[in-house]
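This report refers to the structure that appears directly beneath it.
Residue numbers (UniProt numbering): 1 to 674.
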């Protein structure tokens, strides 16, 4: 909802044509839009007369926004309603309220005469203008619905609902209608039907059907007087057809025909309890309406008694709320109706002081908004994936990690923590967060295991660690045996590993270096191990181990390293193809946009679909094929990355196998040396 500026209720006064116009009591100034009333002689209203000073007011001046004397229905609509219809299509609520005493012309102003098209009232003209305005906005998808509410004896009735069998108009009151207030859409009537209409004829048919159900009665002033308040509401919602926008502009137009309020003695009341109740209910609701207006016009009044009656609650938005409102005060300028006319004008001038705050009503379609967000997320993920490919990063994870992916990330982190990999490539914030979780878990697990191991090994723990450090320092002096680049050698691109294994129950190795001749193989190691002082070092023993017992692991490692190198080369080549495919697609999109935006008028078929020319059709076909090639290359790229990951997993498994077997073998050799 877009806030608007304060806007006072606009007041129009319409006079009923009469042959008994009283010039002594009514003075109209159409230039200044003002009315002066002069009361009858005060002396005539007193029975015995009075010789004292009389301070009773006998003249009143009323200023209005427009004074309509003997005006046509077209003029009334022009000054009172036309602009509100246009505002409603822009999302601003509107209300047109007809007020006055019985016989002054309220219903004629709102409904008009059904016998003459020229004399139709505001409601038929509003409905006609609504559909005319709809036709002038072909780029908008517009939905129009009608509801017709009657308030009779403080009971709500749906005039568009199916009437009870044998019911008389005004008797079939629907009791399941409930008033409630929506935080964004204002006061609503739960259970009130909203009938969709597609044309002016449909709307008029719905309106006149509801009008035939209204409660009518005969009074002294009017043979066919409406004895209930009726509110026809037009609901308008629109959205753009061009951009499939999720933004919906909505509004409503209240067309209110109030029942006439007047003195009980001036009405031909039937001698029944229902007749007296009817008049009492009308007067009471009009009194409550005037109290609401007085509260709104008062600057020091904090509370406005909207809930005193159903009428004032329904009109809460129309009076002091989110709405542009017009009050049409109907008067009958004859001497016999002087008191009723003065009361109507006083009410109208008070309403003129009421300030509304009309705003543009905008809502968002939740389903379209959800689909838009899903589409945006998918596009952003594709852009990230494309950016990662162009930057040389592969398989960057942005979604939640699966159990397998957590395990793979843990392996990479362990390689970095143990020094096997010099760098740990940061791919995303999610990866960093998950890596910290794994590091914390590993730290807690390692701390617990270290404590248990120290307790089990005792004082020999420090000696073992010292021996391992000594072995690493002396490993540079160890003779080179067998082939270079074996399982324990450093391999490019993070495929190699070092021994780095501590055997918990193994004997500490001797610090005596092993000679070149004794490091040629297993026999040499065994021969040297016959001496209690010649236990082999771990690095020398590992060199001997891989020559015979660990040869198959060494060969397996070399094969995997070679395959990984080939896969990486192929990935780089495919990545270049991906980049070329992207460039080709972007070029075609630019060319297609140029053709579609060339300014040439485009032909359409009978269904309104755009007919493509030869160049645009060829370009769309080529663009579709290019996208297929791009997806095929991208799938191949992903398959190679999966193959590379599988190769790395096999390297890790091979490493674990060789270290486990070497630990067992080295333990046996150490025991023999003892």
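By construction, the Cβ of each residue, glycine as well, lies at the ideal position given by its N, Cα and C atoms.
Where does residue 590 land, buried or exposed, given buried means 16+ other C-beta within 10 angstroms?
The residue you call residue 590 lines up with position 590 of the chain shown. Residue 590 is exposed by the Cβ-count criterion.
Residue 297 and residue 64 closer than 9 Å at C-beta:
Taking the chain shown and counting its residues from 1, one reaches residue 297 at position 297. Taking the chain shown and counting its residues from 1, one reaches residue 64 at position 64. No. Outside cutoff.
Who are the Cβ neighbours of residue 71 in its own chain at under 8 Å, not counting the five residues just before and after it?
Position 71 of the chain shown holds residue 71. Only 14 meet the Cβ criterion.
In angstroms with no decimal places, state the Cα-to-Cα distance between residue 17 and residue 369.
Residue numbering aside, residue 17 sits at position 17 when the chain shown is read from its first letter. Residue numbering aside, residue 369 sits at position 369 when the chain shown is read from its first letter. Straight across, the Cα-Cα distance linking residue 17 with residue 369 is about 55 Å.
What residue range is occupied by the uninterrupted alpha helix (DSSP H) comprising residue 387?
Stepping through the chain shown from its first residue, residue 387 is reached at position 387. Run containing residue 387: 366-390, per the alpha helix (DSSP H) assignment.
Give me whichever residues DSSP pairs with residue 188 in a beta bridge.
As a working note, residue 188 is residue 188 in the chain shown. According to DSSP, residue 188 bridges with 180.
Where in the segment 398-430 do unbroken runs of the alpha helix (DSSP H), each at least 4 residues long, occur, reported from the N-terminal end onward?
Fully enclosed alpha helix (DSSP H) runs of 4 or longer: 403-418.
Looking only at its chain, what residues have a beta carbon closer than 7 Å to the beta carbon of residue 322, apart from the 5 residues adjacent to it on each side?
Taking the chain shown and counting its residues from 1, the one referred to as residue 322 is at position 322. Taken in chain order, the residues that qualify are 93, 186, 357, 358 and 359.
Please state whether the Cβ-Cβ distance between residue 12 and residue 328 is less than 9 Å.
For the purposes of this step, residue 12 is taken as the residue at position 12 of the chain shown. For the purposes of this step, residue 328 is taken as the residue at position 328 of the chain shown. The answer is yes: Cβ separation under 9 Å.
Whether or not the segment 134-141 and the segment 364-382 are in contact is what I'm after, with contact meaning three or more pairs of Cβ atoms, one per stretch, closer than 8 Å; do they touch?
With the cut-off at 8 Å, the segment 364-382 and the segment 134-141 do not touch.
Which value, in whole angstroms, describes the spacing of the CA atoms of residue 654 and residue 661?
Locating residue 654 in the chain shown gives position 654, counting from the first residue. Locating residue 661 in the chain shown gives position 661, counting from the first residue. Near 11 Å, if we compare the C-alpha coordinates of residue 661 and residue 654.
Alpha carbon to alpha carbon, what distance is there between residue 592 and residue 579?
Counting from 1 along the chain shown, the entry for residue 579 is found at position 579. Counting from 1 along the chain shown, the entry for residue 592 is found at position 592. Cα-Cα distance, rounded: 20 Å.
Is it right to say residue 333 is buried, meaning 16 or more other beta carbons lie within 10 angstroms of its own, or is it exposed?
Position 333 of the chain shown, counted from the start, is the residue given in the question as residue 333. A residue is called buried once 16 or more other Cβ atoms fall within 10 Å of its Cβ, and residue 333 is buried on that count.
So residue 345 is in the alpha helix (DSSP H); what residue range does that whole segment cover?
Counting from one through the chain shown, the residue named residue 345 turns up at place 345. Segment 338-351, the alpha helix (DSSP H) holding residue 345.
Residue 249 to residue 143, Cα distance in whole Å?
Along the chain shown, one-based indexing puts residue 249 at 249. Along the chain shown, one-based indexing puts residue 143 at 143. Taking the Cα positions, residue 249 is about 10 Å away from residue 143.
Taking 9 Å as the cut-off, decide whether the C-beta atoms of residue 696 and residue 331 are in contact.
Not covered by the structure: residue 696. The range shown for the chain is 1 to 674.
Closest by CA to residue 110, which one among 413, 122 and 317?
Start at 1 with the first residue of the chain shown, and residue 110 comes out as number 110. Cα-wise, what sits closest to residue 110 is 122.
Backbone CA spacing between residue 439 and residue 405 [nearest angstrom]:
Reading the chain shown from its first residue, position 439 is the one you call residue 439. Reading the chain shown from its first residue, position 405 is the one you call residue 405. Our two residues, residue 439 and residue 405, have alpha carbons roughly 15 Å apart in a direct line.
Can you give the Cα-Cα distance for residue 180 and residue 284, rounded to whole angstroms?
Counting from 1 along the chain shown, the entry for residue 180 is found at position 180. Counting from 1 along the chain shown, the entry for residue 284 is found at position 284. Going by the C-alpha atoms only, they are around 22 Å apart.
Report the option in 545, 627 and 555 whose CA atom is closest to the CA atom of residue 585.
Mapped onto the chain shown, residue 585 falls at position 585. With distances taken between Cα atoms, residue 585 lies closest to 627.
Could you spell out the range, first to last residue, of the alpha helix (DSSP H) harbouring residue 76?
Along the chain shown, one-based indexing puts residue 76 at 76. Unbroken alpha helix (DSSP H) run through residue 76: 73-80.
Go ahead and pull the three-state DSSP assignment for residue 548.
Locating residue 548 in the chain shown gives position 548, where the first residue counts as 1. In the structure shown, residue 548 sits in coil (DSSP, three-state: anything other than H, G, I, E or B).
Rounded to whole angstroms, what's the CA-CA distance from residue 639 to residue 91? Just pull it up for me.
Translated into positions along the chain shown, residue 639 becomes position 639. Translated into positions along the chain shown, residue 91 becomes position 91. One C-alpha to the other measures close to 54 Å.
Beta-carbon separation (whole angstroms), residue 292 vs residue 279, contact threshold 8 Å
Residue numbering aside, residue 292 sits at position 292 when the chain shown is read from its first letter. Residue numbering aside, residue 279 sits at position 279 when the chain shown is read from its first letter. Actually they do not touch by this definition, with Cβ atoms about 21 Å apart.
Which partner residues does residue 252 have in the DSSP bridge list?
Within the chain shown, the letter at position 252 stands for residue 252. Per DSSP, 235.
Secondary structure at residue 107, three-state DSSP: helix, strand or coil?
For the purposes of this step, residue 107 is identified with residue 107 of the chain shown, where counting begins at 1. Looking at residue 107 - three-state DSSP - the assignment turns out to be helix.
In the DSSP assignment, the beta strand (DSSP E) including residue 131 goes from what residue to what residue?
Translated into positions along the chain shown, residue 131 becomes position 131. Careful: residue 131 lies outside any beta strand (DSSP E), inside the alpha helix (DSSP H) at 122-135.
Figure out for me which residue from 184, 617, 97 and 145 has the closest Cα to the Cα of residue 206.
Locating residue 206 in the chain shown gives position 206, where the first residue counts as 1. Restricting attention to 184, 617, 97 and 145, the CA atom closest to the CA of residue 206 is found in 145.
Three-state secondary structure (DSSP) of residue 596:
Within the chain shown, numbered from 1, the residue matching residue 596 stands at position 596. Residue state, collapsed to three classes: helix.
Could you name the residues of the same chain whose beta carbon sits closer than 6 Å to that of residue 416, not counting the 5 residues immediately before and after it, in chain order?
Start at 1 with the first residue of the chain shown, and residue 416 comes out as number 416. Closer than 6 Å at Cβ, skipping near neighbours: 424.
Please state the DSSP three-state secondary structure of residue 172.
Along the chain shown, one-based indexing puts residue 172 at 172. Since pLDDT at residue 172 reaches only 46, below the 50 mark, its modelled position is unreliable, and no value is offered.
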